[in-house]
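Asks: Take this structure first; my questions come after.
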Amino acid sequence: MSVSLRRALCASVALTIAGAWAPAYAQDAAPAAAAPTQRAGLETVTVSGTKREEASQDVPIAISAISEQQLANTFRSDVLAVSDMAAGVTLGQMAGFRAVAGGIRGTGQNGILVTQDSSVAILVDEFGLNNVQAQFVELFDVERVEVYRGPQGTLFGKNATGGAISIVTKRPEMNEFTGDVEFQLGMFDSNNGKIAKGKFAINIPVVEDKLALRMTAIYDYDDGYITNSKSAGSFPNLIPLYGAYGLPTVNPPLPPELGTNATGTGERVNGTDVFAGKFKALFTPNDVYEAYFIWEVLRDRSDSTASVNDSPALGAIDPDAGVQNMLLPLLGFPGIDTTGDSPWVTGVSNQCAGNNPRGLCITSGHRVNVDGYHLHQSLNLEDVSFKLITAYRKQKEILPSSYPGEAFVSLFDATRNLEREQIQIELRAATNFDGPINFIAGGTYQEDNVDMRSFSTVGLSSLLPRTDAQLGRPTVGNPYLDDRGFVNLDLDYINDPATGGASQDRTTYAFYFDGNWDITDRLRFTAGVRWTLDKKSFFRRANPGGECNQYTKAKDQRFVDVDNNVNTPAVCFDTRSNAISRGGLTASDIDPRQIPLPDEQFDLVVNTNDSWDKITYRGVLDYKVTDEALIYASYATGFISGGYTETCSSVRTCVPFQPENNWNAELGLKARWFDNTLQTNIAAFYTVYSDLIRSQVVPFTDFAGNTTQETINVNAGKSRVIGLEAEINWMPTDNLRVDLSAAYLNHKYKEFLLDRNGDGDTLDANENLVDYKVPFSPKWKIGGSITYDVILGDAGVLSLNTSANYQSEAEMAVFNSLNTQMESRFLWDAAATWRDANERYRVTAFVKNILNEEHRIGSNSVAGLWNMTIYGRPRTYGVEVGFHF
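Note that the sequence shown covers residues 129 to 1013 in the working numbering.
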């Protein structure tokens, strides 16, 4: 890392010297900036995702350009605000995490693995965020959001098979002292939870035409719209599973040391508490050189993200999998289907093991710290411009969560703690020749290093009856009852957290070229190519089964004849060797930044590496039918890099999966009509994905011969997409604007093979599940908004806005499990804003989700144990006040 930073520093210094001391003739030769032109009707939107600034309507790619005002009309500050504002975008939230689920044009993932890449690239001021946890960014002080649909492997690199979302924040402005202050107060209809948000921005000129500063900040707070008051199930009075052990199912004799409270305390949960800020400096010592520095900070102290128990009722019939009897309902913890609770009601365990707020402590909430430093330098000569981006970002997380959505002391609680460091260095050159050919060429170097460790208590295991023999006691009478007559339970799974972890170091090199040839004044050909080399080193520690030590309890000892030699003693292995007690510790001793056990305490220790290289390319032919109408035909490719599954449990499965690839053929029209008052952008596309990366659960046999399961990523098959997208913007009068979008998606598997046996051979299962629905692929997505300005003369302007979005049902789980669908939903919002005549003050009243629509935005079926779900926000209303000076 230090070598990389030294190289970046040397390159930065070189470009700084070159810019600051550029020869006078270069300054004289620089073309003067064109005077801005006034155009009636729709504004001209400039985008920069193609590595040069161009009018959005002149770029032959399906782009949605979202303005600052359109973003403000959503009245929320996270990246999910983008989901309903662009055709073909389906974003949600991971259940149990502040992380992005979903994607663009039928791509997307529903897993939180820190070693897995997203299928949609999200960039903030050209800095790439590849992992879904890092992608859940705060949106503030935003100039615009650019959504590039379809594979962007050439312009944005790997992990952009669905497209890219580029967030561009405001730059400092020279010679202007301005400021903006904004406050928002609101309430959730589900539980009267409060919302409070404040934004601040100030622009300070320091040296005329040379140096300007901008400081921005946001504080985003709410009480949470979910309440910890889920109705009690049948536990402990009825536990249906106990009948399989020959034990009473009604009022089973549970030991008194097991706490049986299963109802929450009624407080609001899932609240937000985030501060984020940026300090920016723009330095322009002359006409050809500029340096733009950004320092970013984020401090997230939100509640642990709640999940709702959405397990299907016992005996429910899944058309694909038959009768559904998940473990949680069998233990007396049914989902909200059975209890009849609102989807904005859940249970939270309130566990704080060992009263250690930095350990496995659900009540401490999430803790995320981000610090980033970005330096953009540009040198603009007569025929060529150079840009060097040097950036470093560090993110630390402590993420305790209670996943099952129940208030019992622990069914499955865990904290995932990590440190992630990213370095990005990019140098590119863009030509500005008078002739018909111009191009952009560049290279990038990236590091993305992550170290994650987890601590968990799996109380589900503690509720499973044990025999006397399993607990190391002589059997007297019923083997499932102790000598007091109570059910034999091993409570160590609640009281003694287990630990494990994974780390990955990634280094990426890429070189790209993208150029265009003006064949005629109206006909243009664009071609691009990118070579990427991705190297990953993976380290994994997991599973009990290490040798016994002085802390191993007798009940956890298993003696195995490892060499089948009767003359040598059997070796003692520990069934809970990864519990922190095996280090002589208790829960109060947990350090979130350390695994307290040596590698020898884990059955699985894997240290491996691999690399992948890939060439992606695109070709586009576009033709200007008129000065305001462009048609194009394109072919583009993309890929998601190969990698390792963080949750693998054996040497056989801790092997890399291979890259996922796709290609896309597209026809598009971009046009403006009727004196620039109507804009129609239409795209039709055909996409094929191959070597699809999918998560699946496979059998796993541990050291003692017990059959359990593990989750791994595999290359499972192929799918194809036929799609049509349209975006229409219309200003029939100066006071009225209408924005419409529609997307049709027909996404089907052409091949979907699974390895049910878990032996590494997908073909032996003879199970081609092509009839399964592809996740995050709604057939229809239709949205629109209407804004009308009422001119009040000297009293200012009253803007009335209403928007609505419809999305048809879409799967979120790979296996289309019951209660894991994004239901079809219709969301309707409205707002009214008054601005004074000088545009200095504004007051807004708003209502979101007017119809109080219940809709899932994230769901995961946990291997036959339970379904965990998060629902979108209920009806929300509030006021917002802004002041500009």
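Even for Gly, the Cβ is constructed at its ideal location relative to N, Cα and C.
All of these numbers come straight from a predicted model, not from anything done at the bench.
1) Do the region 466-478 and the region 378-387 touch if we need at least three Cβ pairs shorter than 8 Å?
2) Tell me which residues share the same chain as ALA991 and place their Cβ nearer than 8 Å to its Cβ, disregarding the 5 neighbours each side in the sequence.
3) Return the first residue and the last residue of the alpha helix (DSSP H) that LEU118 is part of.
4) Take VAL816 as the anchor and find which of ASN414, VAL902, MET950 has the nearest alpha-carbon.
5) Quick one: complete alpha helix (DSSP H) runs, 4+ long, within the region 450-508?
6) Would you please verify whether the beta carbon of ILE622 is less than 8 Å from any beta carbon of chain D?
7) Please list the segments of the beta strand (DSSP E) lying wholly inside the region 372-431, counting only runs of 3 or more residues, in order along the chain.
8) In the structure shown, what three-state DSSP assignment does GLU196 receive?
9) Who are the near neighbours of SER294 in its chain, counting only those whose CB is closer than 6 Å to its CB and skipping five residues on each side?
10) Counting C-beta neighbours from all protein chains within 10 Å, is the total for SER716 16 or more, i.e. buried, or is it exposed?
11) Taking 8 Å as the limit between beta carbons, can you name the residues of its chain near ILE919, skipping five residues before and five after?
12) Using a threshold of 8 Å, state whether the C-beta atoms of GLY231 and ALA638 are closer than that.
13) For GLU271, which residues of its own chain have a beta-carbon under 8 Å away from its beta-carbon, when the five flanking residues on both sides are left out?
14) One question on the structure: do LEU170 and MET859 come within less than 8 Å of each other, judged by their Cβ atoms?
15) Work out the CA separation of LEU588 and PHE1011 for me, nearest whole Å.
16) Taking the C-alpha atoms as reference points, what is the distance between TYR900 and GLY291?
17) Between which residues of its own chain and ASP727 is the CB-CB distance below 7 Å, once the five residues before and five after are set aside?
18) Which same chain residues end up closer than 6 Å to ASP917 when comparing Cβ atoms and leaving out the 5 residues on each side of it in sequence?
19) Starting from the C-beta of ARG686, find all residues in its chain whose C-beta is less than 8 Å away, skip the five residues before and the five after it, and write them out in chain order.
20) If distances are taken between C-alpha atoms only, which option among ILE568, THR781, ILE856 comes closest to THR808?
21) LYS298 by DSSP, collapsed to three states: which one?
22) With which residues is ASN857 paired in a DSSP beta bridge?
23) Helix or strand or just coil, what does DSSP make of SER176?
24) Within the same chain, show all residues whose beta-carbon is closer than 7 Å to that of ASN379, passing over the 5 residues directly before and after it, in chain order.
25) Kindly identify the DSSP beta-bridge partner or partners of ILE330.
26) Measure how close the beta-carbons of SER362 and GLY468 come, nearest whole angstrom, since I'm counting them as under 8 Å.
27) Note down the Cα distance separating ALA597 from THR603, rounded to an integer number of angstroms.
28) How long is the line joining the alpha carbons of PRO720 and SER184, rounded to whole angstroms?
29) In three-state terms, what does DSSP make of SER823?
30) Around the C-beta of TYR501, are 16 or more other C-beta atoms found within 10 angstroms, so that it is buried, or is it exposed?
31) Since TRP994 and LEU455 should fall inside the 8 Å C-beta cutoff, what is the C-beta to C-beta distance between them, to a whole number of angstroms?
32) Just tell me which of SER246, SER530, VAL783, LEU458 has its CA closest to the CA of SER432.
33) Taking only the alpha-carbon atoms, compute the straight-line gap between THR409 and ASN706 and give it to the nearest angstrom.
34) Around the Cβ of LEU539, are there at least 16 other Cβ atoms within 10 angstroms (buried) or fewer (exposed)?
35) Mind checking who ASN874 pairs with in its DSSP beta bridge?
36) For my contact list, PHE567 and ASP511 are in at a C-beta cut-off of 8 Å; report their separation, rounded to the angstrom.
Replies: The short version:
1) no
2) Position 863 of the sequence shown, counted from the start, is the residue given in the question as residue 991. Same-chain partners within the cutoff: VAL825, GLN837, THR839.
3) Residue 118 lies beyond the stretch modelled for the chain, which goes from 129 to 1013, so this question has no answer here.
4) By one-based count along the sequence shown, residue 816 stands at place 688. Among ASN414, VAL902, MET950, the Cα nearest to that of VAL816 is on VAL902.
5) 455-458, 464-467
6) In the structure shown, chain D does not exist; there is a single protein chain.
7) 400-411, 417-428
8) Walking along the sequence shown from the start, residue 196 turns up at place 68. The answer is helix: DSSP assigns GLU196 an H, G or I state.
9) Sequence index remark: in the sequence shown, residue 294 carries index 166 (1-based). GLY177, LEU251, GLU274.
10) Reading the sequence shown from its first residue, position 588 is the one you call residue 716. By the 10 Å Cβ count, SER716 comes out exposed.
11) As a first step, residue 919 is located in the sequence shown; it is residue number 791 there, counting from the start. The residues are ASN863, VAL925.
12) As a working mapping, residue 231 is identified with position 103 in the sequence shown. As a working mapping, residue 638 is identified with position 510 in the sequence shown. No, they are not a contact pair.
13) Taking the first residue of the sequence shown as 1, we reach residue 271 at position 143. Exclusion of the five residues before and after GLU271 leaves GLU196, VAL296, THR297, LYS298, ARG299 as the residues of its chain whose Cβ lies within less than 8 Å of its Cβ.
14) Translated into the one-based positions of the sequence shown, residue 170 becomes position 42. Translated into the one-based positions of the sequence shown, residue 859 becomes position 731. Yes, the pair counts as a contact, with Cβ atoms nearer than the cut-off.
15) Within the sequence shown, the letter at position 883 stands for residue 1011. Within the sequence shown, the letter at position 460 stands for residue 588. C-alpha separation (whole angstroms): 53 Å.
16) The residue labelled residue 900 in the question sits at position 772 within the sequence shown. The residue labelled residue 291 in the question sits at position 163 within the sequence shown. TYR900 and GLY291: Cα-Cα distance of roughly 24 Å.
17) If you number the sequence shown from 1, residue 727 lands on position 599. Cβ contact annotation for ASP727 (same chain, cutoff 7 Å, sequence separation greater than five): ARG669, VAL733, in chain order.
18) Working through the sequence shown from its first residue, we reach residue 917 at position 789. Within the same chain, ASP917 has close Cβ partners ASN863, VAL925, SER927.
19) As a first step, residue 686 is located in the sequence shown; it is residue number 558 there, counting from the start. Non-local beta-carbon contacts of ARG686 in its own chain, meaning distances under 8 Å to residues more than five positions away in sequence, involve CYS700, PHE701, ASP702, THR703, PHE831, ALA832 in chain order.
20) Counted from its first residue, the sequence shown places residue 808 at position 680. Of the candidates ILE568, THR781, ILE856, the one whose C-alpha sits nearest the C-alpha of THR808 is ILE856.
21) Along the sequence shown, read from residue 1 onward, the residue named residue 298 stands at position 170. Coil.
22) Position 729 of the sequence shown, counted from the start, is the residue given in the question as residue 857. Paired residues: GLN807, ASP867.
23) Position 48 of the sequence shown, counted from the first residue, corresponds to residue 176. Looking at SER176 - three-state DSSP - the assignment turns out to be coil, as it is neither helix nor strand.
24) Reading the sequence shown from its first residue, position 251 is the one you call residue 379. Contacts found: ASN365.
25) What you label residue 330 is simply residue 202 of the sequence shown in a count that begins at 1. Per DSSP, GLY307, MET343.
26) Along the sequence shown, read from residue 1 onward, the residue named residue 362 stands at position 234. Along the sequence shown, read from residue 1 onward, the residue named residue 468 stands at position 340. SER362 to GLY468, Cβ: 14 Å. No contact.
27) In the sequence shown, the residue the question calls residue 597 occupies position 469. In the sequence shown, the residue the question calls residue 603 occupies position 475. Looking at the two C-alpha atoms, the distance is approximately 7 Å.
28) Within the sequence shown, residue 720 is the residue found at index 592, counting from 1. Within the sequence shown, residue 184 is the residue found at index 56, counting from 1. Their backbone Cα atoms lie some 46 Å apart in a straight line.
29) Position 695 of the sequence shown, counted from the first residue, corresponds to residue 823. Annotated three-state conformation of SER823 is strand, per DSSP.
30) Within the sequence shown, residue 501 is the residue found at index 373, counting from 1. Per the 10 Å Cβ criterion, exposed.
31) Mapped onto the sequence shown, residue 994 falls at position 866. Mapped onto the sequence shown, residue 455 falls at position 327. So it is a contact: roughly 7 Å between Cβ atoms.
32) For this step, residue 432 is matched to residue 304 along the sequence shown. Just measuring C-alpha positions, the residue of SER246, SER530, VAL783, LEU458 sitting nearest SER432 is SER530.
33) For the purposes of this step, residue 409 is identified with residue 281 of the sequence shown, where counting begins at 1. For the purposes of this step, residue 706 is identified with residue 578 of the sequence shown, where counting begins at 1. In the sequence as presented, Thr is not what sits at residue 409; that position holds Ala. Cα to Cα, ALA409 sits roughly 49 Å from ASN706.
34) On the sequence shown, position 411 is the one that residue 539 refers to. Here LEU539 is buried: its Cβ has 16 or more other Cβ atoms, across all protein chains shown, within 10 Å.
35) Translated into the one-based positions of the sequence shown, residue 874 becomes position 746. ASN874 has ILE850 as its beta-bridge partners, per DSSP.
36) Against the sequence shown, residue 567 aligns to sequence position 439. Against the sequence shown, residue 511 aligns to sequence position 383. That pair is no contact at about 12 Å.
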